[in-house]
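Protein chains: 2
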Amino acid sequence: MKFSKATDYALHTMLFLTAATPDKPVGVQLLAEKQKVSPTYLSKILTKLVKAGMIESITGVNGGYRLKRNWGDISFLDIIHAIEGSASLFDCSFDHGPDCPIQRVVLAAEEKMEEHLRNKKMSDLVQEMNIVF
Amino acid sequence: MKFSKATDYALHTMLFLTAATPDKPVGVQLLAEKQKVSPTYLSKILTKLVKAGMIESITGVNGGYRLKRNWGDISFLDIIHAIEGSASLFDCSFDHGPDCPIQRVVLAAEEKMEEHLRNKKMSDLVQEMNIVF
DNA sequence: GTTATTATAGATAAATAAAATCCTTAATTA
DNA sequence: TAATTAAGGATTTTATTTATCTATAATAAC
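Just so you know, the protein sequences line up as chains A and B, in that order. Using numbering that gives the first Met the number 0, the letters of the first sequence correspond one by one to residues 0 to 132. Using numbering that gives the first Met the number 0, the letters of the second sequence correspond one by one to residues 0 to 132.
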């Protein structure tokens, strides 16, 4: 079990956008270069963030991606869910009644992780950062 | 990102062994039947638990698997690590200095989940169970 | 309007990982 | 010795992730 690279890319892009540009759009070309990933692949990932309402895209010359107004609210969990989906990490495939005691434990644990990710915003990070990007 | 089915099988087998037999070994045949999984595949999973020192195997007629003495101590996390390995769930693949602020957040979140899984033992479950298996 | 630039989207390929099977070997008990 | 049971290697199947290629659509600059 691993978080996907796509999630890694998405988180870093969000951090970049949060740290960098309040209004000027950044092209996928540049974002991809920084992360050493192909632009087409990254664009597919960013399209998910657009659909989730976290960033907006501006097409045409001098276009690119930029944060939406609500960016201060966006949590790590929001981003992760936008990329990986929000299905739970564990499915008991054994049929012993409606709720499996094992599943209950694992899901409770997952919830602890999600709680932490829900409380951490990109904006929290930007403050504590000096010159990372 | 999902916990593997192998982990699911391992957890359920441990629950079964904990709930059922204090000393008599249970064959993989029976364990596999209960979980509707092939015996050979399950045996590979159980071998990992043997190597991790959680259960022991008795070969030959009337052989099978049974818990080791320390079974009261075995946590969910132990079992999960035995099957999935204990590498962290997130690797920042971007090189911005030694510690990535994003990685720090995600790993802290992961630690919350692990803490919960570390504190839950199979033996806790058996008590609260009535007739699940 | 034409051209250059930039995102979107579909199809597909390549790489990796997970799940499962098959077959052989080794150990043990009856 | 025969039957039973786990261990282990090799391989296959299936699913998922990662990535590429190509075409389309929108927009700005000229």
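Backbone N, C-alpha and C fix where the C-beta goes; we use that ideal spot for every residue, glycine too.
Short CB-CB distance (under 8 Å) between A/Leu14 and chain B: Position 15 of the first sequence holds residue 14 of chain A. It does; some Cβ of chain B falls within 8 Å.
Of all Cβ atoms in chain B, is any one closer than 8 Å to the Cβ of A/Pro100? On the first sequence, residue 100 of chain A is found 101 positions in, with the first residue counted as 1. Yes - at least one Cβ of chain B is within 8 Å of the one on A/Pro100.
Identify the continuous alpha helix (DSSP H) that holds A/Leu66 and give its terminal residues. The residue given as residue 66 of chain A occupies position 67 in the first sequence. Looking at the DSSP string, A/Leu66 is not in any alpha helix (DSSP H); the run it does join, the beta strand (DSSP E), is 63-66.
Start and end residues, beta strand (DSSP E) containing B/Ile54: Taking the second sequence and counting its residues from 1, one reaches residue 54 of chain B at position 55. It spans 54-57 - the beta strand (DSSP E) in which B/Ile54 sits, taken as one unbroken run.
Buried or exposed for A/Leu10, going by 16 or more other Cβ atoms inside 10 Å? In the first sequence, counting from the first residue as 1, residue 10 of chain A sits at position 11. Label assigned to A/Leu10: buried.
Which residues, taken in chain order from the region 23-53 of chain A, show a beta carbon closer than 7 Å to some beta carbon of chain B? Those residues of the region 23-53 of chain A placed with their C-beta closer than 7 Å to a C-beta in chain B are Gln34, ordered along the chain.
Residue nearest to A/Ile44 in terms of C-alpha spacing, selected from A/Arg68, A/Trp70, A/Lys4: For the purposes of this step, residue 44 of chain A is identified with residue 45 of the first sequence, where counting begins at 1. Closest option to A/Ile44, Cα to Cα, is A/Lys4.
What residue from B/Gln34, B/Val104, B/Val25 has the CA that sits closest to B/Ile54's CA? Taking the first residue of the second sequence as position 1, residue 54 of chain B is located at position 55. Measuring from the Cα of B/Ile54, the nearest candidate turns out to be B/Val25.
At the level of alpha carbons, what is the spacing between B/Val104 and A/Met13? As a first step, residue 104 of chain B is located in the second sequence; it is residue number 105 there, counting from the start. As a first step, residue 13 of chain A is located in the first sequence; it is residue number 14 there, counting from the start. Cα to Cα, the separation comes out at about 14 Å.
Taking the alpha carbon of A/Leu16 as the reference point, which residue from A/Thr39, A/Ile82, A/Glu110, A/Ser56 has its own alpha carbon closest? Numbered from its first residue, the first sequence carries residue 16 of chain A at position 17. Comparing Cα-Cα distances from A/Leu16 to each of A/Thr39, A/Ile82, A/Glu110, A/Ser56, the minimum goes to A/Ser56.
DSSP state of A/Val36 mapped onto helix, strand, coil: In the first sequence, the residue the question calls residue 36 of chain A occupies position 37. In the structure shown, A/Val36 sits in coil (DSSP, three-state: anything other than H, G, I, E or B).
Please classify B/Val36 as buried or exposed, where buried requires at least 16 neighbouring CB atoms within 10 angstroms. Taking the second sequence and counting its residues from 1, one reaches residue 36 of chain B at position 37. Buried: at least 16 other Cβ atoms inside 10 Å.
Where A/Gly84 falls, given that 16 or more other Cβ within 10 Å makes a residue buried: Counting from one through the first sequence, the residue named residue 84 of chain A turns up at place 85. It counts as exposed.
Going by C-alpha to C-alpha distance, which of A/Glu32, A/Gln34, A/Ala31, A/Trp70 sits closest to A/Val49? Within the first sequence, the letter at position 50 stands for residue 49 of chain A. Comparing Cα-Cα distances from A/Val49 to each of A/Glu32, A/Gln34, A/Ala31, A/Trp70, the minimum goes to A/Trp70.
Quick one: which chain B residues come within Cβ less than 7 Å of A/His115? Locating residue 115 of chain A in the first sequence gives position 116, counting from the first residue. What A/His115 touches in chain B: Ala107, Ala108, Lys111.
Mind checking the region 59-77 of chain A against chain B and listing, in chain order, the residues whose C-beta falls within less than 9 Å of any C-beta there? Per Cβ criterion, the list reads Phe75, Leu76.
Starting from B/Asp165 and walking both ways along the alpha helix (DSSP H), at which residues does that stretch end? Residue 165 of chain B cannot be examined here, being either before or after the span of chain B that is shown, 0 to 132.
Beta-carbon of A/His80 versus every beta-carbon of chain B: anything under 8 Å? Taking the first sequence and counting its residues from 1, one reaches residue 80 of chain A at position 81. Chain B contact via Cβ: absent.
Is the CB of B/Ser3 under 8 Å away from at least one CB in chain A? One-based indexing of the second sequence puts residue 3 of chain B at position 4. Chain A contact via Cβ: present.
Please state whether DSSP places A/Ser42 in a helix, a strand or coil. For this step, residue 42 of chain A is matched to residue 43 along the first sequence. In the structure shown, A/Ser42 sits in a helix (DSSP, three-state: H, G or I).
Alpha-carbon to alpha-carbon, A/Leu66 and B/Ser122: For this step, residue 122 of chain B is matched to residue 123 along the second sequence. For this step, residue 66 of chain A is matched to residue 67 along the first sequence. Each residue's alpha carbon lies about 49 Å from the other.
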